[in-house]
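Below: the structure, in structure tokens.
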DNA sequence: CAACTGACGATAG
DNA sequence: CCTATCGCCAGTT
């Protein structure tokens, strides 16, 4: 079942520092598969509530939340704002300020 | 083993 | 900005 990839992804997500966000591509890349961004999303669905994953810190490459406005979008946005992550008027996150510099750790 | 599924990404128009 | 398409990969059925 849990191939090392999935485990690594969960591990990485847990390491995202408060006040920072990461993209699916980033996580997938860091986990060893630059093209497995979909699995990252899938894993979030699979175990965001089971493990204590800060799923709200994971966004898409556009700097936006992928969830529909009636399916968690507002909740995720609220959680991020509580951590000090603000959105611009296009509802996008400013990568220069909030993107997790994953290779610095 | 085959088909299907995704909270994606990049590209093309 | 938008939609349409294809690629990619792990996990399910």
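Residue numbers (the working numbering): 5 to 109. Every residue, glycine too, gets a C-beta built ideally from N, C-alpha and C. Bear in mind that the values here come from a model prediction, so they are computed numbers and not experimental data.
- Around residue 58, the same chain offers 20 as residues with beta carbons nearer than 6 Å, after the five sequence neighbours per side are excluded.
- The DSSP-derived three-state label of residue 91 is strand.
- The C-beta distance from residue 62 to residue 83 rounds to 11 Å, too long to fall under 8 Å, and the pair is not in contact.
- Here residue 77 has 69, 71 as same chain residues with Cβ atoms under 7 Å from its own Cβ, once five neighbours each way along the sequence are excluded.
- Here DSSP, grouped into helix, strand and coil, assigns residue 26 to strand.
- Here residue 23 is near residue 87, since their CB atoms are less than 8 Å apart.
- For residue 80, the uninterrupted alpha helix (DSSP H) run begins and ends at 77-86, by DSSP.
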